[in-house]
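First residue of the sequence shown: 68, per the working numbering; consecutive thereafter. Using N, Cα and C, we set each Cβ at its ideal position, and we do this for glycine too.
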Amino acid sequence: MDKAELKTALEAAVTEGHLAVRVTPKASRNAVTVEEGQVRVYVTTVPEGGKATKDVIKLLAKAMGRAKSALVLVRGETARDKVFRVD
Numbered sequence: 068m069d070k071a072e073l074k075t076a077l078e079a080a081v082t083e084g085h086l087a088v089r090v091t092p093k094a095s096r097n098a099v100t101v102e103e104g105q106v107r108v109y110v111t112t113v114p115e116g117g118k119a120t121k122d123v124i125k126l127l128a129k130a131m132g133r134a135k136s137a138l139v140l141v142r143g144e145t146a147r148d149k150v151f152r153v154d
């Protein structure tokens, strides 16, 4: 999936201004994928002190072509399943 297709798939996954993602910390690579409508984010950072969540926001913002401040964590601060508000 190229960048344009990924951006389109991510925008399509936003429902009512919210984006649900599943995060895999301590992955072998940083990546954002959309599989069967489910957004998955892989980050290499460890899930401590909010480091992984910050990297998830960075990756999603870059993939969507938005500012990091446009993504606000609504639910799942310490969980693998997170919901972001997309402004």
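Restricted to the segment 68-96, the beta strand (DSSP E) segments that are unbroken, complete and at least 3 residues in length are 85-91, listed in chain order.
Leaving aside the five residues that flank P114 on each side, the residues in its chain whose CB is nearer than 6 Å to its CB run, in chain order, P92.
Annotation: the continuous alpha helix (DSSP H) that includes T120 extends over 118-131.
Taking a C-beta distance under 8 Å as the contact criterion, K149 and V90 qualify as a contact pair. Take V141, set aside five residues on each side of it, and the residues of its chain with a beta-carbon closer than 6 Å to its own are V150, R152, in chain order.
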